[in-house]
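Engineer:
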Amino acid sequence: MTRLPWPALAATALIAVLAILAPWLGLPNPVTMDVPHRLAGPSAAHWLGQDEFGRDVLTRLIWGARVSLSVAVSAAALACLIGTALGITGGYLRGIAEILTLRSIDVLLCFPPLLLALLVVTLLGPGATTLIPVLALVYLPGFTRVAYAGVLTARSQDYVEAMRVLGAGSGRIMLRTILPNIGGPVLVQFSLAMAAAVVLESGLSFLGLGVVPPAPSWGLMIGAARATMAQAPLLLLWPCLALTLTVLVMNALCDGLRDAVDPHPTYRPAARRLLDAIAPGLLPTPKAVLDLAHLTVEIDTPAGPIHPVRDVSLQVFPGETLAIVGESGSGKSVTSLAITGLLPGAAHVTEGAAFLDGTDLLRLPEESLRKLRGDKIAMVFQDPGSSLNPVHRIGAQIAEAIRAHRPLSDKAARAEAIALLRRVGLPDPDSRARAYPHELSGGQRQRVMIAIAIANHPSLLIADEPTTALDVTIQAQILELLSDLKRERGLALLFITHALPVVAEIADRVAVMYAGEIVETGPTAEVFLAPHHPYTAALLRSAPDEEGPPPVGIPGIVPPPTALPPGCTFAPRCPRAIPECTAAPPALRSAGAGRLTRCIRWNA
Amino acid sequence: MITTEHLGKSFPIGGLFNRHALHAVRDVSITVGRGETLGLVGESGSGKSTVGRLMLGLLPATTGRVLFEGQDLAAARPAQMRTLRRRLQLVFQDPYASLDPRRTIGAQIADALVIHKLVSPSFRPARVAALLDQVGLAPDHAARYPHQFSGGQRQRIGIARALASGPDFLVADEPVSALDVSVQAQVLALLAGLRAELGLAMLFISHDLPVVRHLADRVAVMYLGRIMEEGPVKAVFATPRHPYTQALLSAAPSLHPERRRARTLLQGDPPSPANPPSGCVFRTRCPIAAPACASTIPALAGLTHRVACIRV
Amino acid sequence: MWFLRRLGISVVLVWVAASVVFLAIHLVPGDPAELLLSQGGSAPDRAMVEELRDQLGLNRPLYVQYGQQMWRLLHFDLGRSMQDDSPVSEEILRRLPRTLELILAAGLMAVVIGIPGGTAAAMRRGSVFDRATSWLASLALAIPVFVVGTLIVMVFAQWLRWVPAGGFIAFAKDPVQHLILLAMPASAIGLGLSAVMFRMTRAAVLDVMLKDYVRTARAKGVKPGRILTRHVVRTALMPVITVLALYLGTLLGGTVLVEFVFNWPGLSGSLVSAVNARDYPQVVGIVLVISVLFVGLNLTVDIIYGLLDPRVRK
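Residue numbers (the working numbering), protein chains in the order written: chain A, 138 to 741; chain B, 1490 to 1801; chain C, 253 to 566.
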């Protein structure tokens, strides 16, 4: 649970207290008439004036709140009780019970709410006692559906199945795991129903079909004041104001409760605070396709800024595959998103430069960067299921990538899209170009993503865990395809993965990341044969292989970016750590030809 | 100890008008002995998780039966089923979804003790502490909530919960696939240790062959709901006989690519389990398929190392 | 196939609605005829009760009544009004177009204001524009529709005297006056509806902007404007359309208040007078017609959904 909406809660409580205490506030009787002073303006005795029968307006407003709220609360409570019970029964028992409860409730949804209310009022006649069951009936389906949906969600949770595995009975499961699950949404529904009931009650009373005069009700007051609006416009304004304010406060309460129950991550607008001054020595290495220097990324969190990527430098050369390997939280994906300017809103680059063929991507305005993305620099993401737009045909999605960068006719782009699909090995490309993503398998969707990526002959392809979501035999196909493309087109490939065996298969060079930093780089074969950083060594020992000894884990956990240890970030888990390791953060140092390590003891 | 006989499970799919069956599992006969670990390997859609659920009696079998110490799970009376529940346990794949976020881990581990009335209430905290200690967590962690733990720690908690009732047979459904490599190895070592210490029989379900190699005694390879090959881990990994097993082993990336046997790259995707090929289900992707493969369903033949292929 | 199934469900729903309306009168405790005739607690005349029972066919067995009712409905025969003995269907046919006109005008206003406004607010998330419009939307949502209506009458008709306080003039007779008289009730409804559309659109656009496939489109280098129209708005509009249709559906009965305030002679107004007069056949007829329209509207939404999202069409 996040923060509760205290201001709205307090305002609602204030209105409720006023309504409850109405009889003891020393107000005049709300129905006592004073005809000689009808329509009198505000005075010391009657702060808000007197109505068409000379009754005190303020009294009637407060008593009106009492009527309005008691009807709304009773109706919402009644609907909540019955509706939730029906929803839980239907959702938990399924089968016949589900049909009986849910489908019968659905029938109520065939009628617009106000209409339903009018139909019942026809049969039962107007009055406050009729209103409660009428409004309850109107809001019943909402509760049933919310409870039903909550139960269904809860039922499919692993931890509910875990209770069944333990042999727990239905009663225990309902009480312990399902009820807490739907409590929040039902509470939200309750506040919604209450606010809506206040509006509906006043509306019905306004029509003369709700609360019966002379009992005070805002709807009735507005209706009556209409007749005298020329002489006493204030009389009309007061109940309008009271009603609107009450609904405003209750709506705010609903919104607040909903946010508290169903928290969405809050993103702040993107703000790219870039260092204007480029530090000396950041000039690009001429040969590299991508030259990333001293990249640091900052994310604003409520607890203060964190740095998931710190001082990351790497180069990718033409025709080469560089793998960034690391566990979750190592910062490998953030690095790739920073290079392409696709960081989520809360994250921004604070330092560093990323030269792609001589231009610094991190200092490029968005429009220039957009022109490079999908053209010279392309990306393939982890989940091919969600990375393609479900409502467009795959041929059109490839053609879109082509036409974003080249002035081709629609027809020519589509022809090229089909050729690309053939190149990435999608069977029957002419007809499959007209398929939607959901009609393809996971492996085929990833082939489509690759077709999009290579559409404009990029010089750099960034693949972020492109095979993690795929089965082993499909993974082998995709890795093969990427290797072929790299050879054929002289692509530079930046391959991001957590799987060491995949690195061994595909990468020429490897950069190992740990807790936001690169701890070791070098040619893959050499690094895997003789790692120069204890983390690399431990990671290799923990990877199960077909041959060799059983895997050995690394004790402890990766430090969260909010609580980095002093000095070397791996020192707390390192078997070879000495006191000097925690003294200062070690720098990347050269460890033989083409190799770097962030360990002060690499040759000790 | 636990045996399945020609186990099959189909799920109805489709709407009112085109209802048909999806055969998730067909004709699976496997045995797990006391203290033994059977690795069940397959890609997504192979039906390996369904076999696990069937063997725990969480799903009713459509055909065939599951025998636990000679007792048919489907024929067990409610009272017997309660006892069986205590003895058959499950470790889940997703360490985040399998723990109730609203209850302390101590309460969740104690659930089994409460449900089966295993220890008196006053001894429960001590038992929970002992269980936490057994899986390598501090006893004072019992009062914390799941979100205060890392993925690997949660998986330890899931294992402690499964152990609380004192089970004899444990199904571990991809228990390490959601974890980082360095943490995977920790959890695998824990499972191996517990198995030796408690003499647990275990069905270890995984898509990751190297992981199975290090933990299981025997391994069964599934494809589209059927067992393709089954045998001792060493034999299956050293001399895979079914073309699917061979392809699977050669497709798995290796830390030492230069030492790997020649790669057989399978073409295309597995067919849909709703509409499997006739005869041998693997024939559509098989490099050595013959016309006869379309007409006969190969039986799982052999003594200790069994293969379902008419071509070997 | 998918379409036929949806159509079938709708037909069943219409039948269910008709049955419920039929049963409603029989589910109420006490004799329906007596209940309908009793006014203000005085016992109704026995002869009159008998006559009404006979007229409504209440003397026959329930299943016979049900069969007859359904048979009549199949022939679009909704019976005769108890107030003036005119066929109910005639009255409905005369008034329904006016109500539909009102709803469509309000819906149009909501779409024109709410959807672009919501999209713009989402694109400028956290800006002054976003906060100001969001606040306005909250306010607009909080004012009940009859309050808006009453205030419009007070300001524009009473004080400023720009327009008459309400009424209806046929379009053929005086198009300008017709539109002016339509604009007032339509904007009373449209204000709240615009706020709903605004909030829905804003939330949906924000939601879709976080999707992986929007990131893919950005990675492709697609222009921001095209990302918005092709990848964001199309998917974001789906929930918005559902909500719009739902609200338009509730308006089928919900124009009652506005029609009353502005003296607009629509269907809902005659419903209120029928309720007040306990004119049972009239109430049943109107409720049924509106329910059928409601079901039809939901069917339309499903079809639009199917056109927008290929995954639904399976």
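Note that CB positions come from ideal geometry on N, CA and C, so glycine has one too.
1) Under the three-state reduction of DSSP, which class applies to SER1767/B: helix, strand or coil?
2) Taking the C-alpha atoms as reference points, what is the distance between VAL363/C and ALA435/C?
3) Do you know how far the Cα of PHE423/C is from the Cα of ILE432/C?
4) What residues in the segment 1588-1599 of chain B have a beta carbon less than 7 Å from any beta carbon of chain A?
5) HIS635/A touches chain B at which residues, Cβ-Cβ below 9 Å?
6) Rounded to whole angstroms, what is the Cα-Cα separation between GLY562/A and ASN526/A?
7) How about ASP645/A: is its C-beta nearer than 8 Å to some C-beta of chain B?
8) Which residues of the segment 356-373 of chain A have a Cβ closer than 9 Å to any Cβ of chain D? Give them in chain order.
9) I'd like to know whether the C-beta of PHE1581/B is nearer than 8 Å to at least one C-beta of chain A.
10) ARG478/C: which of ASP682/A, ARG540/A and ALA721/A sits nearest, CA to CA?
11) Flag this pair as yes or no: are the beta carbons of ALA1797/B and PRO1787/B separated by less than 8 Å?
12) Please tell me whether VAL336/A and VAL384/A are closer than 8 Å, where the distance is taken between their beta carbons.
13) Of all the alpha helix (DSSP H) runs that stay within the bounds of the segment 580-660 of chain A, which reach a length of 4 or more residues?
14) Drop a sphere of 10 angstroms on the beta-carbon of ALA414/A, count the other beta-carbons inside from all chains shown, and report buried for 16 or more, exposed for fewer.
15) Within a Cβ cutoff of 8 Å, which residues of the same chain sit near ILE355/C, ignoring the five residues on either side of it in sequence?
16) Between the C-alpha atoms of LYS513/A and GLU617/A, what's the straight-line distance to the nearest angstrom?
17) What are the residues in the segment 408-429 of chain C lying within 7 Å of chain A by C-beta distance?
18) Against GLY304/A, what residues of chain B qualify as contacts under a CB-to-CB distance less than 9 Å, listed in chain order?
19) Quick one, which residues of the segment 330-357 of chain A are near chain C if we go by CB-CB under 7 Å, in chain order?
20) Under the assumption that ARG1576/B contacts ASP1669/B (Cβ atoms under 8 Å), give the Cβ distance between them as a whole number of angstroms.
21) Anything in the segment 1712-1740 of chain B with a Cβ closer than 7 Å to a Cβ of chain A? List those residues in chain order, please.
22) Would you give the residue range spanned by the alpha helix (DSSP H) that PRO427/C belongs to?
23) What's the gap between the Cα of PRO317/A and the Cα of MET311/A?
24) For LEU1679/B versus GLY1625/B, is the C-beta distance shorter than 8 Å?
25) Taking the C-alpha atoms as reference points, what is the distance between ARG530/A and PRO1776/B?
26) Excluding the 5 residues preceding and the 5 following VAL168/A in the sequence, name in chain order all residues of the same chain whose CB lies nearer than 6 Å to its CB.
27) If we define contact as Cβ-Cβ less than 8 Å, is VAL689/A a contact residue for chain B?
28) Would you say the segment 340-352 of chain C touches the segment 536-543 of chain C, given that touching needs at least three Cβ pairs under 8 Å?
29) At the 8 Å Cβ level, is ILE589/A part of the contact set with chain C, yes or no?
30) If you measure beta-carbon to beta-carbon, which residues of the segment 474-489 of chain C are closer than 9 Å to chain A?
31) Taking all protein chains shown into account, do 16 or more other C-beta atoms lie within 10 angstroms of the C-beta of ARG428/C, making it buried, or fewer, making it exposed?
32) Contact defined as beta carbons within less than 8 Å: I believe THR604/A pairs with ILE615/A. What is the distance between those atoms, to the nearest angstrom?
33) Within 8 Å (strictly less), CB to CB, does THR314/A reach chain B?
34) State yes or no: is the beta carbon of PRO402/A nearer than 8 Å to at least one beta carbon in chain B?
35) Pick out whichever of LEU493/A, PRO716/A, VAL656/A and SER307/A has its Cα sitting closest to the Cα of GLU464/A.
36) VAL264/C touches chain A at which residues, Cβ-Cβ below 8 Å?
Structural biologist: Straight from the coordinates:
1) coil
2) 15 Å
3) Distance between the alpha carbons of ILE432/C and PHE423/C: 11 Å.
4) LEU1588, ASP1589 and ARG1591
5) ASP1669 and VAL1670
6) 21 Å
7) no
8) This model lacks chain D altogether, as its protein chains are A, B and C.
9) yes
10) ARG540/A
11) yes
12) yes
13) 609-626 and 637-643
14) With a pLDDT of only 34 at ALA414/A, under the threshold of 50, the placement of this residue in the model should not be trusted, and no figure is reported.
15) These residues qualify, in order along the chain: ILE441, LEU500, LEU503, LEU504 and THR507.
16) Rounded to the nearest angstrom, the two C-alpha atoms are 22 Å apart.
17) Residues are counted here when their Cβ sits less than 7 Å from a Cβ of chain A; for the segment 408-429 of chain C these are GLN410, given in chain order.
18) MET1570, ARG1571, THR1572, LEU1573, ARG1574, ARG1575, ALA1601, ILE1604, HIS1605 and SER1654
19) VAL336, SER339, GLY340, PHE343, LEU344 and LEU346
20) That belief does not hold up - the Cβ atoms of ARG1576/B and ASP1669/B are roughly 32 Å apart, past 8 Å.
21) PHE1726, ALA1736, LEU1737 and ALA1740
22) From DSSP, the alpha helix (DSSP H) with PRO427/C extends over 427-461.
23) 9 Å
24) yes
25) 33 Å
26) PRO351
27) yes
28) yes
29) Interface residue, yes.
30) Listed by position, the residues of the segment 474-489 of chain C near chain A (Cβ gap below 9 Å) are VAL474, LYS475, PRO476, ARG478, ARG482, HIS483, ARG486 and THR487.
31) According to the sequence displayed, residue 428/C carries Val and not Arg. Result: exposed.
32) 5 Å
33) yes
34) Residue placement at PRO402/A is flagged as unreliable, the pLDDT there being 41, under the threshold of 50; a coordinate-derived value is accordingly withheld.
35) VAL656/A
36) The contact set of VAL264/C on chain A, defined by CB atoms closer than 8 Å, is empty, because the minimum CB distance reaches about 10 Å.
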